[in-house]
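> Mapping to our numbering: the sequence shown position 75 is 64, numbers consecutive. Glycine residues also receive a C-beta, built at the ideal position from the N, C-alpha and C atoms.
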Amino acid sequence: MSALVLMLLTAAPLPAPKAPRDVDPVMDVMAAELKRAMTLSMPATAESKQPEKPYYARCYVTVEDEFGVSANFGALYPPGGGRSLSIETTVRVGSEKFDNTNFSGGGYGYSFGGRGRFPAEEDLDAIRRSLWLSFDGNYKAAVEAIARKRAFLQANQVKDVIADWSTVTPEVVLLPREEPPALDADAWAARVKKASAACRASKSAHSCTVGFRSRHMCQRFVASDGAKHRFCETKLELKVSASGQAADGMPVGAEWKVQGRSEAELPDEAALLAAVKDTAAMLEKKLAAPAADQDYVGPVLFTESAAPIFFLATLASPLSFPRENLGQRQQGRLTERLGKHVSVSALSAIDDPTQRAWTSPTGAVVPLFGHYPVDDDGVTPKPVTLVKEGVLQSFFMSRIPTKAFATSNGHARGSQASTGSLFVSTSQPQPLAALKKRLVELAKEEDSDFGLMVSVLPQNLNDRPNGSTVTLPNLPLLVHRVYADGREELVRGYGFKPTSQRVLKDIVGMGDDPRAINTEQFGQNVSAVAPSVLVKLLELNRARDDYGKPPALPRPALSVK
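1. Return the first residue and the last residue of the beta strand (DSSP E) that tryptophan 245 is part of.
2. Assess contact between the segment 449 to 463 and the segment 534 to 549, defined as three or more Cβ pairs (one per stretch) separated by less than 8 angstroms. Is contact present?
3. How long is the line joining the alpha carbons of arginine 562 and glutamate 55, rounded to whole angstroms?
4. Go through the segment 407 to 471 residue by residue and report every complete run of the beta strand (DSSP E) that reaches 3 residues or more, in order.
5. How far does the alpha helix (DSSP H) with phenylalanine 299 in it reach, from first residue to last?
6. Under 8 angstroms between the Cβ atoms of glutamate 160 and threonine 369?
7. Valine 522 to glycine 482, Cα distance in whole Å?
8. Can you have a look at glycine 475 and say buried or exposed, based on whether 16 or more other CB atoms are within 10 angstroms of its CB?
9. Is the beta carbon of serine 332 closer than 8 angstroms to that of valine 376?
10. So what's alanine 186 in DSSP terms, helix, strand or just coil?
11. Report the option in Thr415, Ala393, Ile389 whose CA atom is closest to the CA atom of glutamine 405.
12. Which whole-angstrom value describes the C-beta separation of lysine 525 and aspartate 495, a residue pair presumed to lie in contact below a C-beta threshold of 8 angstroms?
13. Candidates Ser309, Ser349, Gln248, Leu290: which alpha carbon is nearest valine 471's?
14. Going along the chain, which residues of its own chain have a beta-carbon closer than 8 angstroms to the beta-carbon of serine 555, five neighbours each way excluded?
15. Could you give the first and the last residue of the continuous alpha helix (DSSP H) run that contains serine 119?
16. State the start and end residues of the unbroken alpha helix (DSSP H) segment that holds threonine 268.
17. Assess, as a yes-or-no matter, whether the segment 318 to 327 is touched by the segment 223 to 236 under the definition of 3 or more beta carbon pairs within less than 8 angstroms.
18. Sorted by chain position, which residues of the same chain lie with C-beta nearer than 8 angstroms to glutamate 258's C-beta, five sequence neighbours on each side aside?
19. Evaluate glycine 440 with the Cβ neighbour count: other Cβ atoms within 10 Å of its Cβ, from every protein chain shown; 16 or more gives buried, anything less gives exposed.
20. Measure from the alpha carbon of lysine 246 to the alpha carbon of each residue in Leu113, Val265, Trp177, then state which is nearest.
21. Can you tell me which of Ala243, Ser191, Asp267 puts its alpha carbon nearest to the alpha carbon of proline 554?
22. Do alanine 26 and phenylalanine 107 have their C-beta atoms within less than 8 angstroms of each other?
23. Measuring CA to CA, which of Gln419, Asp112, Arg219 is closest to arginine 72?
24. Given this structure, state the Cα-to-Cα distance separating valine 556 from isoleucine 116, to the nearest angstrom.
25. Between valine 413 and alanine 338, which are expected to be in contact by the criterion C-beta below 8 angstroms, what is the C-beta distance as a whole number of angstroms?
26. Kindly give me the distance between the Cβ atoms of serine 387 and serine 309, rounded to whole angstroms, as I take these residues to be in contact under 8 angstroms.
27. Let me make sure I understand the geometry here. Which of Gly399, Phe201, Glu528 has the alpha-carbon closest to that of glycine 69?
28. Which ranges does the beta strand (DSSP E) cover as unbroken runs of at least 3 residues, wholly within the segment 1 to 75, from first to last along the chain?
29. Taking only the alpha-carbon atoms, compute the straight-line gap between arginine 195 and alanine 64 and give it to the nearest angstrom.
30. Comparing alpha-carbon positions, which option in Gly316, Leu172, Asp340, Asp267 lies nearest glutamine 146?
31. Between the Cα of alanine 519 and the Cα atoms of Glu133, Glu252, Gly403, Leu304, which residue gives the shortest distance?
32. Just to confirm before moving on: does the CB-CB distance between alanine 281 and arginine 531 stay below 8 angstroms?
33. Taking the alpha-carbon positions, what's the leucine 553 to alanine 130 distance?
34. Check for me: the beta strand (DSSP E) holding glutamate 226 runs from which residue to which?
35. Threonine 343: which of Lys371, Pro350, Asn451 sits nearest, CA to CA?
36. Going by DSSP, name the residue or residues bridged to leucine 290.
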């Protein structure tokens, strides 16, 4: 055997070819400007004793493509949408132990793009300029904020000063870039126009709108500690809204909506038309229903979509924003009760943003828009057990430490920690009929002839935690009085009074009928899955009676298309 052949046979195998580098010019620009921002500096002062330099910075560039079209009684509105680009930066000066954030007198720790508007296209020079201005303004604000924070500590006695930021292993999550869905704008315009025309048969509706909206978002993130991510998501929504005015002047509405990640997940034309007719019929029933004539104190049964909303308001919201700013103190927060019973023992709850969909007991697959591959601190989310058999186990955490937890569990949403996808369950499920029977029994104990059953709640979930107070979405959209003989009477005009975090201990029964909803909380997409829930005692006000009078003339006749 020749020496050459022997050398070839004994030579080490060639290394496997490296995976091609992910080429993303926008992220290259972000990294370059971030590197420059980390060199910002101001001279030392008597308080700082050293030059104020960033120890951490990050930036986001988010591109959104939107399209929306709607029609009212078969008449189209001009379509809307287009592409928009937004930039957000964060600069922290000082150190992880003590920096410019988490102080109520320090302003916000981020800036939205400096001065001026952003071009809609991904122009690299425009992005570079906007990042430069944003980092500059953000850095100067951070220097001012840390000076005010130091002055506050000099003038005030603070028992516990918690670190302001936590260290994590930098994660790189670069998912493929996705183009917005190819939609036939004319076809969707024709569909909503035809569907909304079905409302012309309604005799009492003042407005009946059918709308379609598409939102495609791609977020890029680069941080000074090496973390970076890129992912895209698409959300399509069909919505039907009908409104009118009752004879006593009270505004009344009914709505229906559904979301999906693709057009295939949305109802077809026939199903949409049926939803429009059902919504218009519900409006007619609500307009004819009696108004609440007195306040109510007694049991309330939350069913259908109202049940998940109830738990988002009473459990998820109080466990959000767990870190209180320096100089701000709220007594009696739910987050202070770790290891203690905060609800009935039959209740357990987890939050799991890793789940993309949920399958109902009937086999229906519901997309969960509370899913995200990586949170806004660049940390991959983890399932978190919040409540186990009634005992509080944990709460939502970002990279901002708290007294109880020093590290993130991947729930940074925006500037603080909050909900992803909430799953509430019970170890003692009951049929809805049994809950209704118990509702009437509890009402009798409160000297009431009926109990209240709430099936639809407004989805305005932006009330931040406020001590021990819990705020349910006011003015429930669908309420029935349930009587001992089984009769259910539609009623309008009730509104919830604020309650306390003890409401979770006042649960006397939960159903065997879990329901999923997608909504927004604190400006973020969230999901919740929960069964019907019966609460022993809540207070509701009757509606005021000083509404404007209905139109003096009847609605003009509409031709049925």
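According to the structure shown:
1. 240 to 249
2. no
3. Nothing about residue 562 can be read from this structure; the chain reaches only from -10 to 550.
4. 410 to 415, 439 to 445
5. 295 to 300
6. yes
7. 22 angstroms
8. exposed
9. yes
10. Here alanine 186 sits in helix by DSSP.
11. Ile389
12. 4 angstroms
13. When each option's Cα is compared against that of valine 471, the closest is Leu290.
14. Absent from the structure is residue 555, since the part of the chain shown begins at -10 and ends at 550.
15. First-last of the alpha helix (DSSP H) with serine 119: 113 to 144.
16. 258 to 277
17. no
18. Arg180, Lys183, Ala184
19. buried
20. Measuring from the Cα of lysine 246, the nearest candidate turns out to be Val265.
21. This structure does not reach residue 554, given that the chain is present from -10 up to 550, and the question cannot be answered.
22. no
23. Asp112
24. This structure gives no information on residue 556, because the portion of the chain shown stretches from -10 to 550.
25. Yes, valine 413 and alanine 338 are in contact; Cβ-Cβ is about 5 angstroms, under 8 angstroms.
26. The pair is not a contact, with the Cβ atoms about 10 angstroms apart (cut-off 8 angstroms).
27. Taking only the C-alpha atoms, the option nearest glycine 69 is Phe201.
28. 43 to 61
29. Correcting the residue identity first, residue 195 is histidine in this sequence and not arginine. Straight-line Cα distance between these residues: approximately 14 angstroms.
30. Gly316
31. Leu304
32. yes
33. Because the chain here runs from -10 to 550, residue 553 falls outside it and cannot be looked at.
34. 217 to 234
35. Lys371
36. Met442, Leu523
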